[in-house]
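Visitor:
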Amino acid sequence: MNANTPAPLLEARSLSKSYGGRPACRQVSLSLDAGEVLAIVGESGSGKSTLLNLLSGRLVPDTGSIRYRMRDGVARDLARMPEAERRLLARTDWGFVHQDAALGLRMNVSAGGNIGERLMAVGGRHYGDIRATAANWLTRVEIAVDRIDDKPTAYSGGMRQRLQIARNLVTSPRLVFMDEPTGGLDVSVQARLLDLIRGLVADLGLAVVLVTHDLAVARLLSHRIIVMKEGHVIESGLTDRVLDDPQAPYTQLLVSSVLAA
Ligand code: ADP
Ligand code: MG
Numbered sequence: 045m046n047a048n049t050p051a052p053l054l055e056a057r058s059l060s061k062s063y064g065g066r067p068a069c070r071q072v073s074l075s076l077d078a079g080e081v082l083a084i085v086g087e088s089g090s091g092k093s094t095l096l097n098l099l100s101g102r103l104v105p106d107t108g109s110i111r112y113r114m115r116d117g118v119a120r121d122l123a124r125m126p127e128a129e130r131r132l133l134a135r136t137d138w139g140f141v142h143q144d145a146a147l148g149l150r151m152n153v154s155a156g157g158n159i160g161e162r163l164m165a166v167g168g169r170h171y172g173d174i175r176a177t178a179a180n181w182l183t184r185v186e187i188a189v190d191r192i193d194d195k196p197t198a199y200s201g202g203m204r205q206r207l208q209i210a211r212n213l214v215t216s217p218r219l220v221f222m223d224e225p226t227g228g229l230d231v232s233v234q235a236r237l238l239d240l241i242r243g244l245v246a247d248l249g250l251a252v253v254l255v256t257h258d259l260a261v262a263r264l265l266s267h268r269i270i271v272m273k274e275g276h277v278i279e280s281g282l283t284d285r286v287l288d289d290p291q292a293p294y295t296q297l298l299v300s301s302v303l304a305a
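Each residue of the sequence shown is one higher than the one before, starting from 45 at the first, in the working numbering.
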């Protein structure tokens, strides 16, 4: 490697994970550069969420390793990072957006509190500043500021997802993991959310690992795609190439079934 080329932001080698002897992720290697959006696609049960949970440190792999380039430029092996440091990383330099907002939000804490809590994790102490930043982020995700004291239980599905995104982005993370962020929402709500995500990712230069079973979502948001089947990566490449000229028969089937739908 050229000495001037930075290491990838995230690099996984040979990740495997089984549940009770049944492999869900098999020998997956990948790398992600800063500012890059990688989509993991494949049908339900193919191992997408398992891979995402491994990459984000939420699951421990049976084999393989993950390295992350810290803000100081040093690539660190996640398995060797002290637990407290990894947790701080996950709450500050990373985000994780769940399909189910109830997993990513504190449903009984106000919207402002949901955002403010993250700011406090990065040292925010002044109440007025935290509230002003939370209000600013609500506006950025198109939630009226007069809803700041409402709990997410009073929000619609689309608003909950937008709040979850605000909570995750308020610490200026460099890397955000998303698991079916638009899944389970009405089509019109999905479209608006996708536009919002696309704008924020571009404005903030975020790196994203996005799990989706929806190729249209991958097309809209990602630069590169990996296609999973039964825990294996069976194809990977630039998004337009994979979707316009799929090489693996399985990818051809996925793409043509969307066209036929
Ligand atoms: P996807 O996100 O592509 O739908 P998953 O990663 O959730 O796929 O699941 C991959 C496989 O692993 C599936 O066969 C699923 O049933 C199994 N699996 C996932 N999570 C668990 C778990 N916690 N315990 C047992 N099996 C699991
Ligand atoms: Mg999944």
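For each residue, glycine too, the CB sits at the ideal point set by N, CA and C.
1. Can you look up Y199 in the DSSP assignment and give me helix, strand or coil?
2. How many Å lie between P290 and Q296 at the Cα?
3. Helix, strand or coil: how does DSSP classify P67 here?
4. I want to check one thing, is the minimum distance from the CB of K61 to the heavy atoms of the ligand MG below 7 Å?
5. For A179, which three-state DSSP category applies?
6. Can you have a look at A83 and say buried or exposed, based on whether 16 or more other CB atoms are within 10 angstroms of its CB?
7. L282 lies in the beta strand (DSSP E); which residues open and close that run?
8. With a threshold of 7 Å (Cβ to nearest heavy atom), would K92 be considered close to the ligand HEM?
9. What does T107 pair with, by DSSP beta-bridge criteria?
10. Going by C-alpha distance, which of E80, K61, A51 is nearest L282?
11. According to DSSP, Y112 sits in a beta bridge with which residue or residues?
12. Do the segment 154-162 and the segment 191-207 meet, that is, are 3 or more Cβ pairs less than 8 Å apart?
13. Could you tell me which residues DSSP pairs with G139 in its beta bridges?
14. Using CA atoms only, rank isn't needed, just tell me which of T177, P67, D230, I110 is closest to G91.
15. Name the two residues that bound the continuous beta strand (DSSP E) containing I192.
16. Name, in chain order, the residues that DSSP records as bridge partners for M272.
17. Just to confirm, does E274 get its C-beta within under 7 Å of one of the non-hydrogen atoms of the ligand MG?
18. From D284 to L264, what distance separates their C-alpha atoms?
19. So if DSSP puts V255 in a beta bridge, which residue, or which two residues, is it bridged to?
20. Can you name, in chain order, every residue of its own chain whose Cβ lies under 7 Å from the Cβ of R130, other than the five neighbours on each side?
Guide: From the atom records:
1. coil
2. When rounded, the distance between both Cα atoms is 5 Å.
3. strand
4. no
5. Three-state result, A179: helix.
6. buried
7. 276-282
8. For the ligand HEM, the structure offers nothing, since it holds only the ligand ADP and the ligand MG.
9. S60
10. Distances from the alpha-carbon of L282 to those of E80, K61, A51 put E80 closest.
11. BP columns for Y112 point to L54, R120.
12. They touch, by the three-pair rule.
13. V220
14. Between G91 and the set T177, P67, D230, I110, the nearest pair of CA atoms involves P67.
15. It is not in any beta strand (DSSP E) - I192 carries neither H nor E in the DSSP assignment.
16. V277
17. E274 Cβ: outside cutoff for every heavy atom of the ligand MG.
18. 10 Å
19. I84, D223
20. G101, L122
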